[in-house]
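Quick note on numbering: the sequence shown equals residues 137 to 439 in our numbering.
The beta carbon of each residue, even a glycine, is placed where N, CA and C say it ideally should be.
As the structure is a prediction and not an experimental result, all values here were calculated from the model.
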Amino acid sequence: KKGHQHLLQERQDIYRFIMNHATEFPVEKMCKVFGVSRSGYYCWRKCEQTGMHKHKRLDKQIREIFNESDCTYGSPRIALELKRMEVEVSEATVARRMNALSIRAKAAKKYVVTTQSKHDEPIAPNILNRDFAAQTPAIKWVSDITYFRINRQWYYLTVILDLADRYVVGWTISDRMSSKKTTEAAFKRAIANRPPRKGMIFHSDRGVQYACDDFRRLLNSCGCQQSMSRKGNCWDNAVAESFFKTIKTECIMKHHFTSKEQAFTVLFRYIEGWYNTKRIHSGIGGISPKEMYYRLTQLKQTA
Numbered sequence: 137k138k139g140h141q142h143l144l145q146e147r148q149d150i151y152r153f154i155m156n157h158a159t160e161f162p163v164e165k166m167c168k169v170f171g172v173s174r175s176g177y178y179c180w181r182k183c184e185q186t187g188m189h190k191h192k193r194l195d196k197q198i199r200e201i202f203n204e205s206d207c208t209y210g211s212p213r214i215a216l217e218l219k220r221m222e223v224e225v226s227e228a229t230v231a232r233r234m235n236a237l238s239i240r241a242k243a244a245k246k247y248v249v250t251t252q253s254k255h256d257e258p259i260a261p262n263i264l265n266r267d268f269a270a271q272t273p274a275i276k277w278v279s280d281i282t283y284f285r286i287n288r289q290w291y292y293l294t295v296i297l298d299l300a301d302r303y304v305v306g307w308t309i310s311d312r313m314s315s316k317k318t319t320e321a322a323f324k325r326a327i328a329n330r331p332p333r334k335g336m337i338f339h340s341d342r343g344v345q346y347a348c349d350d351f352r353r354l355l356n357s358c359g360c361q362q363s364m365s366r367k368g369n370c371w372d373n374a375v376a377e378s379f380f381k382t383i384k385t386e387c388i389m390k391h392h393f394t395s396k397e398q399a400f401t402v403l404f405r406y407i408e409g410w411y412n413t414k415r416i417h418s419g420i421g422g423i424s425p426k427e428m429y430y431r432l433t434q435l436k437q438t439a
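Laid out in structure tokens, this is it:
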């Protein structure tokens, strides 16, 4: 078997030599010198050129998807996107072509805890209990706060995600860590975009911005159940923390913000123009939050 493979490779090397020197010497003469048939050479060349054409087309598609993702998609997401385009190709093939093209997605950075958990406010029980599945929008929301620098000042990004479709239903940027500027502002935007169902679970960490009286009253006024992570357990709010790893790697770390207005514009473009509407998400079957929301609402209408 090994001997056969060696002979096959040797013949392919001969064919490749003939193809590379076809403008210098007659093909018929080279075939005779190397002891191979012309028909065999032309058959190999046709297959080689077809394969090269396929690779060229696939490489173009991979580059287009990679560039559209702002250089953030790795081989798993590019393979999913190609599948959505009805291009049958394995993740391993995509990875090989990306390696040949010298393109690679940037790895996510570790998420840093921001919220202030040392306080005397009441702590809600962990009702969510890591059950991140939701079949209907507006029955389970998760939230968190992270920070980033604009010039020499720290600013705070608060986000609220719906677990049903991973849609960012509310978000805000502020230069203060008060609940009014962070959690309350983001929640008010969220309920304006997507009114919560009665009894909806709102999960977060134990930060004072979530535990304070004003925010708890706001949740109660909407009929929401408050849920909080256990002390020092980041996995209890894994979806929100995963989002921050993503947005920091794919957006925030790529920019040097000079003003709040610039930061808002960039984040708006990423969240509303990319993450919510186009970016495919492994947690919801390789589709975008917008498409998942459409499927969930259409399913309900046809049920």
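Classified as exposed, glutamate 200 has fewer than 16 neighbouring CB atoms from the shown chains inside 10 Å of its CB. Taking the Cα positions, threonine 401 is about 33 Å away from valine 230. Put simply, the backbone Cα of isoleucine 263 is about 8 Å away from that of isoleucine 337. In the structure shown, leucine 293 falls within a strand segment according to DSSP collapsed to helix, strand and coil.
Across the structure, leucine 216 and tyrosine 283 are spaced so that their CA atoms are roughly 31 Å apart. Contact between arginine 181 and tyrosine 209 does not hold, since their C-beta atoms are separated by about 34 Å, which reaches or exceeds 8 Å. Per the coordinates, the alpha-carbon of histidine 391 lies some 22 Å from the alpha-carbon of glycine 306. Rounded to the nearest whole angstrom, the C-alpha separation of lysine 168 and tryptophan 410 is 59 Å. Inter-segment contact for the stretch 372–382 and the stretch 284–299 is present: three or more beta-carbon pairs are separated by less than 8 Å.
In the structure shown, phenylalanine 338 adopts extended strand secondary structure according to DSSP, grouped into three states.
The three-state reading of DSSP puts arginine 405 in helix, counting H, G and I together.
By the neighbour-count criterion, in which 16 or more other beta carbons inside 10 Å mark a residue as buried, alanine 236 falls on the exposed side. Take isoleucine 259, set aside five residues on each side of it, and the residues of its chain with a beta-carbon closer than 8 Å to its own are Arg342, Ala347 and Met364, in chain order. The three-state secondary structure of threonine 308, taken from DSSP, is strand. The beta strand (DSSP E) runs lying completely inside the stretch 218–245 and spanning 3 residues or more number zero.
Of the other Cβ atoms in all chains shown, 16 or more fall within 10 Å of the Cβ of asparagine 373; this residue is therefore buried. Look at glutamine 345 here: in three-state DSSP terms it is helix.
DSSP, read as helix, strand or coil, puts aspartate 206 in coil. Contact annotation, proline 331 with alanine 274: C-beta distance approximately 7 Å; criterion of less than 8 Å satisfied. In terms of Cα proximity to cysteine 207, the closest of Glu386, Tyr429 and Arg415 is Glu386. In the three-state reduction of the DSSP assignment, serine 314 falls in the coil class, being assigned neither a helical nor a strand state. For valine 304 against isoleucine 407, the beta-carbon gap comes to about 5 Å, under 8 Å, which counts as contact. In this structure, Thr272 is the residue among Glu184, Met313, Thr272 and Arg405 with its C-alpha nearest to the C-alpha of threonine 433. Residue environment analysis places threonine 413 among the exposed positions, since fewer than 16 neighbouring C-beta atoms fall within 10 angstroms of its C-beta. Aspartate 301 places its beta carbon less than 8 Å from that of isoleucine 420. Taking a contact as a CB-CB distance under 8 Å, the pair glycine 368 and lysine 334 does not count as one, their CB atoms being some 32 Å apart. Considering only Glu224, Val344 and Lys324, the residue with the shortest C-alpha distance to leucine 354 is Lys324.
With contacts defined by Cβ atoms closer than 8 Å, serine 395 and isoleucine 286 form a contacting pair. Assignment of threonine 272 by DSSP, reduced to helix, strand and coil, places it in the coil class.
Secondary structure of histidine 417 (DSSP, three-state): strand. Taken in chain order, the unbroken stretches of beta strand (DSSP E) that lie wholly in the stretch 351–392 and span 3 residues or more are 361–364.
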